[in-house]
Every structure is written in structure tokens, then in C-alpha cells.
Amino acid sequence: MTPAPISTRPPHGHAQRLDAWRAVLREHAHLSDRFRHRYAIVLAQLERTATAEAVTAAEHAAAHDAHRAMEILAGTVRAPAEPRGAVPLAVEGDPGMTRLVRRILPDTAHIDDFMAAQQPLAQTAVPIHPSRRARAVRSDSPLPHDLVALVWSADSVEARQRNAASLADILPEPEEPGALGFAVQTDYAMVRAEDATDPWVFSPNLGETLEDLLRSGTTAPRTRGRIVAALGRLRRSMLEAGLIWQGFAPRNMFLRGEEIVLIDFEEVVRVDTSPARAAECLEWHRIFFADGLTPAEADELFAPLPGIPALPDDHELPADAFERALLAVETVTWKQRREFLHQSLRLEGQHRRPGQDRDRGILHGHELGHFWGDFLPVAQETRLFAHLAPVDDPGTLVACLEAFEAAMEADICRAVRSSCTGSEDGSALRTSALIDTLDAVGVEALADRRADATDWYGRLEADPALLVDELLFHLGTHVGGLDQPVLDTYLVGNAEAREEHERDLVETVRVGLDFLHGAEPEQPFLRYAEPNALRKTIALPLPVEGAGFDTVLGEVNDVVARYSIGQGHSRYLAFPDSGNALAALAGNLLSPLLNQNLIAVDRSAPSATFVEAQVIEWLRELVGYPAVPLTELRGVKDVSGLWTTGGHLSNHIAMLAALGHAFPDARKHGLRGLDTQPAVVMAGPIAHYSHSDAAFHLGLGWDSVLSVGAEEGYTTDPAAVDRLLSDPPSGRTPFMVVGVAGNCRTTGLDDLEAIGEVCRKHGVWFHVDACHGGSLIFNERLRDLHLRGIEQADSVSLDPHKGLFTPYPSSYVVFREREVLTQFSRHTAAVMEDDCWDLGLITPFLGSRGFESLPTWMLLRHVGTRALGAMVESRQSLVRYLERRIDDAGMFVRLNDVDFYRMAFVFCPPAVRRAMAGLDPADRKRAAKVVSAYTSRINTTLYQSGEVCFDEHSLADLADRVGAGQGVGYTIMAACPGNPLVTREDLDIAISRLVAEAQPLVEPMLEEILGRSDRPAFVPRMSGPAGWNDGE
-9 MTPAPISTRP
1 PHGHAQRLDA
11 WRAVLREHAH
21 LSDRFRHRYA
31 IVLAQLERTA
41 TAEAVTAAEH
51 AAAHDAHRAM
61 EILAGTVRAP
71 AEPRGAVPLA
81 VEGDPGMTRL
91 VRRILPDTAH
101 IDDFMAAQQP
111 LAQTAVPIHP
121 SRRARAVRSD
131 SPLPHDLVAL
141 VWSADSVEAR
151 QRNAASLADI
161 LPEPEEPGAL
171 GFAVQTDYAM
181 VRAEDATDPW
191 VFSPNLGETL
201 EDLLRSGTTA
211 PRTRGRIVAA
221 LGRLRRSMLE
231 AGLIWQGFAP
241 RNMFLRGEEI
251 VLIDFEEVVR
261 VDTSPARAAE
271 CLEWHRIFFA
281 DGLTPAEADE
291 LFAPLPGIPA
301 LPDDHELPAD
311 AFERALLAVE
321 TVTWKQRREF
331 LHQSLRLEGQ
341 HRRPGQDRDR
351 GILHGHELGH
361 FWGDFLPVAQ
371 ETRLFAHLAP
381 VDDPGTLVAC
391 LEAFEAAMEA
401 DICRAVRSSC
411 TGSEDGSALR
421 TSALIDTLDA
431 VGVEALADRR
441 ADATDWYGRL
451 EADPALLVDE
461 LLFHLGTHVG
471 GLDQPVLDTY
481 LVGNAEAREE
491 HERDLVETVR
501 VGLDFLHGAE
511 PEQPFLRYAE
521 PNALRKTIAL
531 PLPVEGAGFD
541 TVLGEVNDVV
551 ARYSIGQGHS
561 RYLAFPDSGN
571 ALAALAGNLL
581 SPLLNQNLIA
591 VDRSAPSATF
601 VEAQVIEWLR
611 ELVGYPAVPL
621 TELRGVKDVS
631 GLWTTGGHLS
641 NHIAMLAALG
651 HAFPDARKHG
661 LRGLDTQPAV
671 VMAGPIAHYS
681 HSDAAFHLGL
691 GWDSVLSVGA
701 EEGYTTDPAA
711 VDRLLSDPPS
721 GRTPFMVVGV
731 AGNCRTTGLD
741 DLEAIGEVCR
751 KHGVWFHVDA
761 CHGGSLIFNE
771 RLRDLHLRGI
781 EQADSVSLDP
791 HKGLFTPYPS
801 SYVVFREREV
811 LTQFSRHTAA
821 VMEDDCWDLG
831 LITPFLGSRG
841 FESLPTWMLL
851 RHVGTRALGA
861 MVESRQSLVR
871 YLERRIDDAG
881 MFVRLNDVDF
891 YRMAFVFCPP
901 AVRRAMAGLD
911 PADRKRAAKV
921 VSAYTSRINT
931 TLYQSGEVCF
941 DEHSLADLAD
951 RVGAGQGVGY
961 TIMAACPGNP
971 LVTREDLDIA
981 ISRLVAEAQP
991 LVEPMLEEIL
1001 GRSDRPAFVP
1011 RMSGPAGWND
1021 GE
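My numbering numbers the first residue of the sequence shown as -9 and each following residue consecutively.
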């Protein structure tokens, strides 16, 4: 079968598809209005890559089962399950319902197989999280009424039944003709299988909830008045009886004729025994109704009544999970909890939109709050609450809420789409991303961007994911006040800024040419100045705000160049040696022009020596080490770090320093004099190859590397390190542990704080390889989020040429303690003297070397840490955007969760994953090779076309995301966009080409997976440097 090509319809094709699916779903009996829109969006998206036959079949299915229609379009329709044999069922409950359920359950079907074939329940505006397992039940035989089923936890059954009976006893009778009555829902059947604990509970489908009815705006005023009056009677009855139903919420109520039917009795609280919990439930009731009632209706329903528990403000309560996350406390007062609930009431009420094009101009806050409570981890929910609760301006608040409403819709559509592949992903990808962005930019920036948007509601109903992605991309790339003019100030690449960039670079060349050729007649090869005077001139605090480029270059010209030694001068006779951030490029240009030799001060590098010392001190300060002004350093003995050619050398030097620290006698007697083999501990599958290389190059031997393996997130397991250090192999003594702050394969970030504690416990040197993740030290928020504990390390390697827009080569290794580097000098007396500034005394492997620290110094002086931190953070938006678009493509499996800027993935569409699941272990390993081959094939084609380039290397699937087995290795593609000038359009083109190349390969790949193809296998190339390790 020939796979269908990707749709080439014009941009309006999506709108046409969307309208068509909305028409198909209009009469769907089991979908609320909200979910009709959501399913239509997902079906329109899936149709883009579906065959004509699949579209036709899906249209027929959608009228009664939208979920199955999605499966048809996605090509993930489940094959009939292998019969598991009939399992005896216990069915109890209402006699009529039990008879009905026994009739629809086939004798040969396992209850779980039967329920898996039913469509998810999607009848309310608020989504039910996939973990709750709710289904709309259909049957081949006619039913007297529709059914729904959901799972109750076994330990809640008895309490639900007892609570329902208690509530039924206090239900108020209508007080006058025309008043509504109440009924407790008892028409249910509970089904248990012998091999299960939690029962499925079947009940009639009561249709639209009171919540949807109150929000709809279509209910007649008289009917609304009757509802509010009846609910008031029920509330009064609860207070008079001293029994508070926690579930007093419109989502648990249904208007059926002249009765309001009540469901869900998981908790009923007695006021006399639990007054605090009762008082809290009464506050929650206001929140549950907050976005469905008018202010007058809310005042009527929640009028003060006798029986409401009166708690003193200082009454102490155990903190709940939300309060613990928000306040980091174990107890709170009633006043604190009540104030939090009142803030939630304000957030979750009705809000007036800026336009009338959605929900009659009303934003329903509790719809959002219910979604957040179901889908967000509590830590994210508290971060969001901390941002929104203080917002006083209604316009700002509703603009932010509308942005999160769009994220909610995108996440629900994603959850709906993922359900058709069986993944049941309940994560809130875009809501989480928007919270992260809110942390970075604040509510005002988010509100302003929403206010600037055009056709917001139309785009929200057409493609909320793209709407949110564009919002996130803009906010993320404009973090910290960044915009194109600001970026053009610091970065080269935008053609519109060429004239200004050319002027700056020409001026940079002029400074170098003035130095080399002499700007003045009879210019000497050196303007001598005392070292202390130079030190005072060059010493500066860490720049937070950058200076203008002309200012920085002027400083270079007036101080650095002026006091540099001209080794190309005709009268310089000491030695015969003559010789992309905007500032870093300029520094890289100036460095060879100045041609300073950082081996010594006199006759080599009078000013450059102190520039490098200053850079080292700035980097130490950023890492979190104790730092001092340059003027307080006493000499090279206090210069606790050095520039190197790259992370490879930086890690070598760190290991050498650790070895000398643990075995000082080895400096004189060598390793032969030791009675043990020094050993290095690291996670082999993720550690950079430079560490095992260093063990080999330093004479320790490859078997001195003790690997603890890696966790599923491609990080080091602190507990495994602790166990190994507690009981190392016989004859080996660990002297160093390597922690990874951004490994080279997935940029996974270790728990540095935990590993640091383990190392201190065992007295072992702790080295952090931060060559990738080191750029995060320039952003205080990201540093605290990802690199907490880095300051505990004894040494840290950093690579500006990896993450700070600096040309090669640019790497540093810095140390916590002063005088560490003095161990590398044989001239002990000289190196310990005050005012000895010859760096060549303390630089192992390096003698004469260029002024390679100048690019870093100029970068920091020009941009400053604040703007650098903003650019580092803005770059995350690029890979996050790419991550979401690849996720939406539906044909790839990510092997890692992106920590900050690198994503690894393979080509493995859902149909292939489903086929792999049916293979035996040996065939799965063969299938993994097919996945690698097709991944490499796509990547090679893209690379050789010159249009798109992704990285390619080998990687073990530690979490078994592909499905061939934990730890199986794959040839993967990796995305690591590092240039902040990359646009969303650039990424969209890359994704479009990737998908276009992958789509035609789905069918042949599936044939090969199933062993039905005899075509020659594509052999992946040798993996790149990111795959050079000893862990596979």
C-alpha cells in the first residue's frame, strides 16, 4: 500500500477540514460542545497525513465514536485483543442496572478488554484526567438509556455508599409548588472481576451537568432562579443537620425533570467532629460555583446561615500539599488557608473578556482551575498561583487567563490525540511551558503580548497549539527585554544590521593594525607600566549591565593594547616570535593580532596576564566560589583556574589536580610508589569520553574508571555513587567523582547537590563537567533551578565555545580552593611569591599560548551577565518549540526530556511501535536496528541535501521509550539549536522537511519491522563524538 503524501493544500485547507469535522460531530450524543470543538481540531490535524480511505472511514465512525475516528486517521486502530478467557464477575447494585450490565457484558470478554474498547467520556467542559478512566459505554444491543462507567477505588466504596445514605436522609422537600426537589443517584451497578480490586461502576448517562447548564447562558432566568433557590435549601439543610457534603459542586449535579440529581459522595464531613474540614469545604463550595453564577445568584446561594463553623484565625492546621509547596511549611493557620481559598475564588470566578466572540464574553475561571488541579503537578500549580494571585488589574488578569485558556485547550487536544495512540499522556505540555515562561517574563509581558494578538478567538478555536507556541516563542525570545535591535547589538547574523557590525569590526581591525604597524611615529614596542598599576587599571567588578561596544573597544585600545608587548616590532629582540557574539568575534580577531604570550608578564604579556586573571575570577564568582577583586590577588598562587583549548583538556587538568591532591607523593615518586590503584567514579553511559581518556593519558589505566551506570533521565545516581564509595573494588581507591551538568548526548543535568554531599561524606574530590550546562550560571533563575550545588564542587570545567556564542577555542577549568594550581610548578619558591604573575608556572600541558581569554573578557564587558542570562534562557525557547512541534508530528520518539537545549529522538511512528510490541525480545532487537537505520537514512538525506542538519550519534534508550528494551542502543538524531537568531520560521521549515522525508518511509519501515521486506538494509554511519564513551 502506498502511503498518502503529506497534504499540500493551501493554508485555508485546515479551516475547511475543521468546519467539515465540526459538521460531522454536531449531533454526536456523547460529546459536550467544548469537546466537539476539541475533537474537530484533532481530527483536522490527523487528516493532513491520512489516506483518503482512512478519512472516509473516520467520517463514518465519528458520528457515534470520535475516538475511533481518530484511531482510524492515526493508523492506530487496535487489533482485537487475544482472548484472556472469561473471568467471573461480581455485579451488585440497583437491580435494574445490574440486569442491564449483565446483558451488555459478553460472557467471553474480560472486563478490562471490554472497557478498553469504549470511548473516553468527554461530556463536560472540564476534562477528566486520563488516569481516572471514565468511559461512555456503547453496546451492540439496544439500550433503554445511554451508560457511563468509571473506576472507583476499592477503599472508597463503603464510604461512598454510607455518605450517599446520610445525604439522602437530609435532602429537603420542595417548600412550594414549582420548587425543584433532590434525588441521590442510586441507579448504578458495580462490577468487579476476580483478578481486580477497583470496581467499574456503571450508571445511566445523565447528560449535561448543572455546571455546563449554568455556564451556557441559554438557561431561562426562571429556571436559574429555581435552581439557586433549591441549592440554597440543600445548603441550609446540610448546615442544620451538621453534615457537609464536600462534593456540593455543579459538576456533581444534573437537572432531570423537576429534580436535581446528585452524584459522587466520596466525602461527607460532620461539623461536630471535624469543624475545620467542614469550614474549608464550605469555602470550596463557593469556588466550585464561582464561574457559573452571577454575583446576585452567588450572594443568594451563599448567604450567611446558622451552623457555619466559626474558627479562630490562629487555629493551626496541617499544611496540604499546595501550602507546603507554596510556603515550605508543615502547618498553616485558618486565616492563611481562608485567604488562599479567597484568592482562588477570585481567580476561578467569572471574568469579562475583551471581546464577545467566545462564551458571550465571559471567561470561566473554574474551568481553568479544575484543569490545573487535574493536570498540573502541585509545584507548577503553586508557581502559577504565585504569579496570578497578586494581579489586581482585571484587564491584566483576564489577558493572562486567556493565554492559559489557550494552553489548556492545546493540552486537552494533545491529551485527546495521545489517547488514540494508547499513550494516555496526561501531562500539560504547553501549560507547563507557559508557567516556565511566566517565571521568566512576568504577568505584564504575558498580558501585553495577549493584548497585541489579532484574531485571538478565531485562532484559539482553529489551532490552539500553534497559537500558544507562537506566544511562547515570542515571549521566550524577548525575555529580559530582548528584541531584534537588542540582539543585533550583541550578535552577528542579521543582514539589516550589517552596516553597524561592519563598522565595529573595521574599528576592531583598526585597533589591531594600529598596534602592529604603529599609530604613532617611532612607537616603542612597549609602554612599560608597573604591574600593580596595570592591575588597578584593569580591575573591575563583574559587569551586570553591559557597556557600549565602543566603550569596551576603547578600553582595549587605551589599556590592554597600549600596554601590550609588540613582538612584531623591529626592535623587539627578546624572542623571534612575531606574529560570535560580536564582542567575542572581535576578541578572537584581536587576539592573534596582539599576539601576546601568556607564559609570563615581562617581555610577553604585561596587560593580558591580568585580563585572564580577571576572567577566571569572574567565572569563579558566577560558579558560586568565594571571589575577590583583582586587586586583592597576591600573585599566580591565587589565580585558581585557567584557560584551556577545550573541555577535553579542562577535564584532564581537573583530574590531574584531584590526583595530586589525594596522592601528593606521586608528584615525586610517580604512580609506581602507590600501594593502591587510584580510581575515578562516573556514570559511564553519560560521562564525556575525555574523562576515561584522561585516566588513560595520566597513566591510571582504563580499568581505573569505575562506572555506576546512569538513571533513566541520563543522569548520575547519587545513591549508586554512595554505595560504590562505601565499598569500592579491592585494590582500588576512588579519589574523584565526576558529576555532569549537561552531558554531551542529552544535556541531562545531575543532582549536583546530592552528589556533592556524597563526596563530602567520603572525602572524595568532586568535579563537575559543566562544559554544556555552564552557560546556565549566567542566569540566576536557571542556575538555581538546574545547577544547585555546583558551588560544592572542587573543580568545574566550562566551555564558552559551547554555550556562550564564542569562537573556538574557549574553555576554562576553575577551582574552589586557592593555590591548587601551584602543585604543577617545579619552581615552588617562585610560584608562592607575592607579585609573581607568570601564568606559565601554573599551566600544565601549556607553555607558550595566545591571548585566548580576550574573547571571553570582551563578551562579558560588552553584554554583561544580565543580557547573557537572558540570551541563554531565550535559547531554550528554540528547542522547546522544536520539541513540541516534533511531538505534534506524531512520528518520532524522544529518548530524553529536554533539560535545557538538546533533544535526542528516533523515527518510530505509532504503527511501528505497536508492531514492535508484538515481537519477541530477539525480534525487538532486530527492529531496533531497523529504527536506527531509518532514522539515519532520514538524517543523512537531510544532511546531504544541505537544507537541514541534525546531529547524529549513538544513544542507549535507558527508559525504554521506543519499546525494544531498556538500554538498547540506537542511532539517533539530536537537535541542539544554539543561535538566538534562529527564527520560528527556520524551525518550521526544518520540521516540515523532516516530516516530508519521514512520511513516505512509514509503510516500508513497518514492512521491514514485520520481516516482510527483502530490501538491503541501510547501514548508519559511525556515531559522532557525542557517542564516544564506554557506557554501551
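Cβ coordinates follow ideal geometry from the N, Cα and C atoms, glycine included.
Remember, it's a predicted structure, so these values are computed and weren't measured experimentally.
For residue j and residue i, the rounded distance between their alpha carbons
| i | j | result |
| --- | --- | --- |
| Ser568 | Ala576 | The pLDDT assigned to Ser568 is 49, lower than 50, so where the model puts this residue is not dependable; a value taken from the coordinates is nonetheless given after this. Distance between the alpha carbons of Ser568 and Ala576 is about 20 Å. |
| Leu777 | Ile832 | 28 Å |
| Leu317 | Leu378 | 16 Å |
| Ala551 | Glu611 | 26 Å |
| Glu451 | Asp202 | 19 Å |
| Gly351 | Gly955 | 51 Å |
| Pro521 | Ser597 | 8 Å |
| Asn969 | Phe795 | 8 Å |
| Phe653 | Val810 | 13 Å |
| Gly83 | Pro189 | 12 Å |
| Leu137 | Ala112 | 13 Å |
| Val754 | Tyr615 | 18 Å |
DSSP state of residue i mapped onto helix, strand, coil
| i | result |
| --- | --- |
| Gly729 | strand |
| His27 | helix |
| Ser554 | coil |
| Leu283 | coil |
| Tyr960 | strand |
| His54 | coil |
| Gly763 | helix |
| Asp304 | coil |
| Gly297 | coil |
| His354 | strand |
| His752 | helix |
Supposed contact pair residue j and residue i - C-beta distance, whole angstroms, cut 8 Å
| i | j | result |
| --- | --- | --- |
| Gly416 | Ala405 | 6 Å |
| Gly466 | Ser765 | About 16 Å separates the two Cβ atoms, so there is no contact after all. |
| Met963 | Glu942 | 6 Å |
| Ile676 | Tyr704 | 5 Å |
| Gly729 | Thr706 | 6 Å |
| Ser1095 | Thr846 | Residue 1095 is absent from the model: the chain starts at -9 and stops at 1022. |
| Glu399 | Pro454 | 4 Å |
Residues near residue i by beta carbon distance below 6 Å, same chain, minus five either side
| i | result |
| --- | --- |
| His642 | Ala684 |
| Pro265 | Pro299 |
| Gly222 | Leu291 |
Residue i classed as buried or exposed, judged by whether at least 16 other C-beta atoms fall within 10 angstroms
| i | result |
| --- | --- |
| Ile979 | exposed |
| Arg927 | buried |
| Leu503 | exposed |
| His275 | buried |
| Trp633 | buried |
| Phe835 | exposed |
| Ala819 | exposed |
| His638 | buried |
Neighbourhood of residue i by C-beta distance below 8 Å, restricted to the same chain and skipping five residues each side
| i | result |
| --- | --- |
| Glu61 | Val67, Arg68, Cys410 |
| Leu462 | Arg420, Ala423, Leu424, Thr427, Ser867, Arg870, Tyr871 |
| Ile981 | Leu872, Arg875, Ile876, Ala879 |
| Gly1001 | Asp913 |
Contacting residues, own chain, Cβ-Cβ under 7 Å from residue i (five flanking each side not counted)
| i | result |
| --- | --- |
| Asp712 | Val748 |
| Val14 | Glu49, Ala52, Ala53 |
| Pro0 | Low confidence applies here, because Pro0 scores a pLDDT of 38, under 50, leaving its location unreliable; read the following figure in that light. For Pro0, where only same-chain residues beyond five positions count, there are no Cβ hits under 7 Å. |
| Gly282 | Glu201, Leu204, Arg205, Pro240 |
| Glu702 | Leu948, Ala949 |
Near the ligand ADP: residue i beta-carbon under 8 Å from a heavy atom
| i | result |
| --- | --- |
| Gly345 | With respect to small molecules bound, the structure shown includes none, and the ligand ADP cannot be examined in it. |
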